[in-house]
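Student:
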Amino acid sequence: MIKRLVVMLVVVVTIGAVASPARAQTHYTGTLTSGATWVADVPAGWNGTMILYSHGFGPLTAQNAPDDETRSALLAEGYGLVGSSYSGRSWWALSSALDDQFGALAAIEKRVGDARRTIAWGTSMGGLISALQAERGAGRIDGSLTTCGLVGGALNLGNYQLDGEWALVRLLDAKARLVDYPTSAAGTAAATALSSAITAAQRTPAGRARVSLAAALFNTPGWFTGATPPAPTDYSGQQAQQAAELSQFVLGFIVPGRYQIELAAGGNSSYNAGVNYAALLHGNPREQQVRTLYRHAGLDLSADLATLTRDATVMADPHAVATLRRTSVPTGHLRVPELSIHTTADQLIPVEHENWYARTVAHADKTRLLRQGYVRATGHCAFRPAETIGALHVLEKRIQTGRWAPTTAAALNRAARATTLGEGRYVSFRPAPLTGARR
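What the sequence shown shows, in numbering that gives the first Met the number 0, is residues 0 to 438, in sequence order.
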């Protein structure tokens with residue numbers, strides 16, 4: 000029967016990363032009717048819990064864990080793991096991802112039997128998928144662990160990124176197309192032009208001040224490299240880190256990525272026509288940094304903000320907006336418990352997403368189902384396995400008991416330590432509002 004189903008099974012042995020005996024595991028793969036592929040690993044002595052893993056933005060390749068170390072640790076604890084590639088022609092596969100993920104779950108349960116418990120686990124774009132599963136997956140999942148998740152949704156993502164890119168184009172004279180990319184190469188060319196403009200601007204105080212304004216609109220953290228962030232009032236140090244992360248990392252990822260989102264949406268979903276850029280800066284956690292650097296450079300910040308506001312003309316395609324609103328924006332109407340964790344300095348999916356998400360869940364009167372935790376670290380999804388697996392155990396206890404145990408930083412660090420995989424770096428933290436959120 001296995002050959003007839005075109006499913007490949009191989010038996011391998013994995014040495015667990017926790018203090019437990021090595022477990023034999025069975026590896027399964029298959030293809031869904033949508034064309035998505037799926038992959039699963041189920042250990043001998045499976046504990047009955049299946050992790051339904053949703054991978055982040057990128058090539059449509061099946062994954063069932065965020066990294067090899069975490070996979071080994073989860074298998075050693077007895078968890079089954081499954082995940083799909085998603086299907087479609089765009090890396091932004093939100094229109095198919097939920098169906099493909101639940102299809103992968105059904106496929107593995109046909110081989111090994113029904114899971115006693117299923118937990119969705121999503122990373123980055125996959126974190127948006129796991130958040131949507133928490134809204135739409137009742138009866139198929141029991142809880143959701145969302146890590147570094149794009150929980151502010153695709154419409155907000157596109158808008159605040161457009162705001163930052165617009166500041167680079169208008170104030171630094173970067174020659175870059177910002178929306179409606181005909182090809183992926185056009186997005187790459189735009190990213191190169193924007194990055195080059197930042198590099199050139201870093202040579203003068205005026206240029207650095209304007210880069211700091213763009214970084215604030217991007218929700219860019221002031222910590223990119225190093226064991227600790229620059230001091231709170233080291234505005235020059237923070238600006239240098241922001242310039243590096245934008246020019247060396249962020250723009251090269253997000254600008255070509257816009258092409259993939261537009262491909263999925265059927266057009267441009269972002270706009271800045273009618274946006275008041277002075278209002279956007281007001282209350283931004285980087286506002287004092289921007290004002291200080293502008294003052295030192297002898298620039299008129301009000302004039303620059305007025306220029307950005309006056310000249311903004313980008314309009315969104317209503318069809319594209321409707322598509323992403325339907326497929327790629329959380330409503331907050333959770334139906335199962337969700338624990339969402341984020342690093343405090345995330346360059347690709349800023350931690351401010353968590354502020355927008357908490358407000359959205361509160362508006363839906365579902366706060367009792369949501370808990371959030373913050374790891375003091377720089378980097379996108381830069382968690383240690385102890386931190387994510389510890390969080391998984393906290394969520395699982397909530398599923399088992401029907402009540403949240405404490406999810407303070409201290410409690411999450413105790414859960415991380417209990418995995419024996421290392422120490423946690425959870426801290427008490429309150430993210431600022433997401434600048435540029437309009438949807």
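Glycine included, every Cβ here is placed at the ideal spot set by N, Cα and C.
Can you name, in chain order, every residue of its own chain whose Cβ lies under 6 Å from the Cβ of W120, other than the five neighbours on each side?
Tutor: In the sequence shown, counting from the first residue as 1, residue 120 sits at position 121. If we look at W120 and ignore the five residues flanking it on each side, its Cβ neighbours are I50, Y52 and L144.
Student: With DSSP collapsed to three states, give me the class of T418.
Tutor: For the purposes of this step, residue 418 is taken as residue 419 along the sequence shown, with counting starting at 1. In the structure shown, T418 sits in coil (DSSP, three-state: anything other than H, G, I, E or B).
Student: Below 8 Å on the Cβ atoms is my guess for L127 versus G157; work out the distance and round it to an integer in Å.
Tutor: Residue mapping note: residue 127 aligns to position 128 of the sequence shown, counting from 1. Residue mapping note: residue 157 aligns to position 158 of the sequence shown, counting from 1. Not really, about 13 Å apart at Cβ, beyond 8 Å.
Student: Beta strand (DSSP E) containing G346: first to last residue?
Tutor: Numbered from 1 along the sequence shown, position 347 holds the residue referred to as residue 346. What sits at residue 346 in the sequence shown is Gln, not Gly. Note, Q346: premise wrong, no beta strand (DSSP E); not H, not E.
Student: Quick check on P384: does DSSP put it in helix, strand or coil?
Tutor: Taking the first residue of the sequence shown as 1, we reach residue 384 at position 385. Note: P384 maps to helix in three-state DSSP.
Student: Since P42 sits in a beta bridge, which residues does DSSP pair it with?
Tutor: By one-based count along the sequence shown, residue 42 stands at place 43. Its beta-bridge partners are Q24.
Student: Could I get the ranges of all uninterrupted beta strand (DSSP E) runs contained in the region 214 to 261, with 3 residues as the minimum, in chain order?
Tutor: none
Student: Just to check my reading of the structure: R375 and R424 have Cβ atoms closer than 8 Å, yes? What is that Cβ distance to the nearest angstrom?
Tutor: In the sequence shown, the residue the question calls residue 375 occupies position 376. In the sequence shown, the residue the question calls residue 424 occupies position 425. Contact flag correct, Cβ pair sits at about 5 Å.
Student: Are the Cβ atoms of I260 and A153 separated by less than 8 Å?
Tutor: Here residue 260 is taken as the residue at index 261 of the sequence shown, counted from 1. Here residue 153 is taken as the residue at index 154 of the sequence shown, counted from 1. Yes.
Student: How is A137 classed by DSSP in three states: helix, strand or coil?
Tutor: Along the sequence shown, one-based indexing puts residue 137 at 138. DSSP places A137 in strand when its eight states are reduced to three.
Student: I believe A103 touches L31 by the beta-carbon criterion, under 8 Å. Please report the beta-carbon distance rounded to the nearest angstrom.
Tutor: The count along the sequence shown starts at 1 and reaches residue 103 at position 104. The count along the sequence shown starts at 1 and reaches residue 31 at position 32. 7 Å between Cβ atoms; contact.
Student: Which residues mark the beginning and the end of the alpha helix (DSSP H) in which S94 is found?
Tutor: Counting from one through the sequence shown, the residue named residue 94 turns up at place 95. Counting along the chain, the alpha helix (DSSP H) containing S94 begins and ends at L93 to V111.
Student: Is the region 243 to 255 touching the region 179 to 199 in the sense that three or more CB pairs, one from each, lie closer than 8 Å?
Tutor: yes
Student: Between R429 and N354, what straight-line distance do the alpha-carbon atoms span, to the nearest angstrom?
Tutor: The count along the sequence shown starts at 1 and reaches residue 429 at position 430. The count along the sequence shown starts at 1 and reaches residue 354 at position 355. Those two C-alpha atoms are separated by around 8 Å.
Student: Residue range of the beta strand (DSSP E) that Q371 falls in?
Tutor: As a first step, residue 371 is located in the sequence shown; it is residue number 372 there, counting from the start. Taken as a continuous stretch (DSSP letters only), the beta strand (DSSP E) holding Q371 covers L369 to T377.
Student: Following the continuous beta strand (DSSP E) through W120, name the residue where it begins and the one where it ends.
Tutor: Numbered from 1 along the sequence shown, position 121 holds the residue referred to as residue 120. It spans R116 to T122 - the beta strand (DSSP E) in which W120 sits, taken as one unbroken run.
Student: Within 10 Å of its beta-carbon, does H281 have 16 or more other beta-carbons around it, so buried, or fewer, so exposed?
Tutor: Sequence index remark: in the sequence shown, residue 281 carries index 282 (1-based). Looking at its Cβ environment, which holds fewer than 16 other Cβ atoms inside 10 Å, H281 is exposed.
Student: My output table needs one value for M314: the three-state DSSP class, helix, strand or coil.
Tutor: As a first step, residue 314 is located in the sequence shown; it is residue number 315 there, counting from the start. Coil.
Student: Measuring alpha carbon to alpha carbon, tell me which residue in V360, V320, H341 and A311 is nearest T330.
Tutor: As a position in the sequence shown, residue 330 is number 331, starting the count at 1. If we check each option's Cα against that of T330, V360 comes out closest.
Student: Between the alpha carbons of G79 and Y234, how many angstroms are there, rounded?
Tutor: Residue 79 sits at position 80 when you count from the first residue of the sequence shown. Residue 234 sits at position 235 when you count from the first residue of the sequence shown. One C-alpha to the other measures close to 47 Å.
Student: Start and end of the alpha helix (DSSP H) containing T69?
Tutor: Sequence index remark: in the sequence shown, residue 69 carries index 70 (1-based). Per DSSP, T69 belongs to the alpha helix (DSSP H) from D67 to A75.
Student: Who pairs with L144 in a beta bridge, going by DSSP?
Tutor: Residue 144 sits at position 145 when you count from the first residue of the sequence shown. In the DSSP output, where bridge partners are listed per residue, L144 has W120 and L338.
Student: Please determine, among T117, S94, T28 and Q399, the residue with the shortest C-alpha to C-alpha distance to L323.
Tutor: In the sequence shown, residue 323 corresponds to position 324, counting from 1. Measuring from the Cα of L323, the nearest candidate turns out to be S94.
Student: I'd like the span of the alpha helix (DSSP H) that includes V168, first residue to last.
Tutor: In the sequence shown, the residue the question calls residue 168 occupies position 169. Taken as a continuous stretch (DSSP letters only), the alpha helix (DSSP H) holding V168 covers G152 to L171.
Student: Going by other Cβ atoms of all chains shown within 10 Å of its Cβ, with 16 needed for buried, is M314 buried or exposed?
Tutor: Counting from 1 along the sequence shown, the entry for residue 314 is found at position 315. M314 comes out exposed.
Student: Closest to D40 by CA distance: which of A61, D316 and G34 is it?
Tutor: The count along the sequence shown starts at 1 and reaches residue 40 at position 41. Among A61, D316 and G34, the Cα nearest to that of D40 belongs to A61.
Student: Spell out a yes or no on whether the region 229 to 244 and the region 160 to 168 are touching, meaning 3 or more CB-CB pairs, one atom from each, closer than 8 Å.
Tutor: Inter-segment contact for the region 229 to 244 and the region 160 to 168 is absent: fewer than three beta-carbon pairs are separated by less than 8 Å.
Student: Assuming T146 contacts T343 (C-beta within less than 8 Å), just tell me the rounded distance between them.
Tutor: Walking along the sequence shown from the start, residue 146 turns up at place 147. Walking along the sequence shown from the start, residue 343 turns up at place 344. Actually they are not in contact, since the Cβ atoms of T146 and T343 sit about 14 Å apart, beyond 8 Å.
Student: Only counting the same chain, and skipping five residues up and downstream in sequence, which positions put a Cβ closer than 7 Å to that of T418?
Tutor: Position 419 of the sequence shown, counting from 1, holds the residue named residue 418. Excluding residues within five positions, the ones whose Cβ falls inside 7 Å are V17, A385, I388 and G389.
Student: Can at least three beta-carbon pairs, one atom from the region 278 to 297 and one from the region 332 to 349, be found at a separation below 8 Å?
Tutor: no
Student: Can you give me the C-alpha to C-alpha distance between P432 and W45, rounded to a whole angstrom?
Tutor: Against the sequence shown, residue 432 aligns to sequence position 433. Against the sequence shown, residue 45 aligns to sequence position 46. Between P432 and W45, the C-alpha separation is close to 42 Å.
Student: Closest by CA to I398, which one among V335, P349 and T227?
Tutor: Looking up residue 398 in the sequence shown gives position 399. Per the Cα distances, V335.
Student: Please state whether DSSP places G389 in a helix, a strand or coil.
Tutor: The residue you call residue 389 lines up with position 390 of the sequence shown. It is helical.
Student: Just to confirm my understanding: we take L347, look at its own chain, exclude 5 residues before and 5 after, and list those with CB closer than 6 Å. What are they?
Tutor: Reading the sequence shown from its first residue, position 348 is the one you call residue 347. So the list reads H379, once near-sequence residues are dropped.
Student: Whole angstroms is fine: what's the gap from Y356's alpha carbon to A130's?
Tutor: The count along the sequence shown starts at 1 and reaches residue 356 at position 357. The count along the sequence shown starts at 1 and reaches residue 130 at position 131. Approximately 10 Å between the Cα atoms of the pair.
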